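Q: For the sequence shown, UniProt numbering gives the first residue as 1, with consecutive numbering after it. By construction, the Cβ of each residue, glycine as well, lies at the ideal position given by its N, Cα and C atoms. Keep in mind that this is a model prediction, so the values were computed, not measured.
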Amino acid sequence: MYLFPGIGLGSLLSGARHITDGMLQAASECLASYMTEEDIKKGILYPCIDSIRNVTADVGAAVLRAAVAEGLAEGHGVVGSKELEHMSKDDTVEYVRRNMWYPEYSPLVHEK
Numbered sequence: 001m002y003l004f005p006g007i008g009l010g011s012l013l014s015g016a017r018h019i020t021d022g023m024l025q026a027a028s029e030c031l032a033s034y035m036t037e038e039d040i041k042k043g044i045l046y047p048c049i050d051s052i053r054n055v056t057a058d059v060g061a062a063v064l065r066a067a068v069a070e071g072l073a074e075g076h077g078v079v080g081s082k083e084l085e086h087m088s089k090d091d092t093v094e095y096v097r098r099n100m101w102y103p104e105y106s107p108l109v110h111e112k
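1) Report yes if the CB atom of Gly10 is closer than 8 Å to the CB atom of Val59, and no otherwise.
2) From this set, Arg53, Ile52 and Met35, which residue's C-alpha is nearest Leu45's C-alpha?
3) Restricting to Cα atoms, I'd like to know which of Pro47, Glu74 and Arg65 is closest to Ala32.
4) Would Leu84 and Gly75 qualify as a contact pair, given that the criterion is a beta-carbon distance under 8 Å?
5) Pick out whichever of Thr92, Tyr102, Ile19 and Arg97 has its Cα sitting closest to the Cα of Leu72.
6) Quickly, what does DSSP pair Val79 with across the bridge? List them, please.
7) Based on Cα-Cα distance, which residue from Phe4, Gly6, Ile7 and Gly15 lies nearest to Gly77?
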């Protein structure tokens with residue numbers, strides 16, 4: 001629930017054809033960075049579910065950056081591998097956020 005959406009989105013947006021151990025390591029380290037010493041002492045294993053969208057964006061960006069670092073990123077859509085290589089960490093997170101799905105539904109019943 002915490003890693004899969006980011007791993008999938010990061011690998012899709014990078015255009016990588018394979019998910020490597022390095023990409024999984026980057027995702028795991030990113031998730032672990034959300035945990036504080038206080039959380040660990042309390043026995044909490046995962047970040048608060050309220051932060052799931054932030055975690056997903058950061059994990060996706062970490063996976064994308066790992067794919068770029070490993071030379072596997074081919075790009076996605078109009079964003080090519082060169083553009084991915086020149087993105088800063090913040091730009092990468094924003095790129096991932098822009099491509100996330102948001103559950104917004106239009107009403108199907110006309111209200112008078």
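A: Quick answer:
1) Contact: yes.
2) Put simply, of Arg53, Ile52 and Met35 the residue whose alpha carbon is nearest the alpha carbon of Leu45 is Met35.
3) Cα-wise, what sits closest to Ala32 is Pro47.
4) Yes, the Cβ-Cβ distance between Leu84 and Gly75 is below 8 Å.
5) The shortest Cα separation from Leu72 among Thr92, Tyr102, Ile19 and Arg97 belongs to Ile19.
6) Val79 is bridged to His76.
7) For the set Phe4, Gly6, Ile7 and Gly15, the Cα lying nearest the Cα of Gly77 is the one of Gly15.
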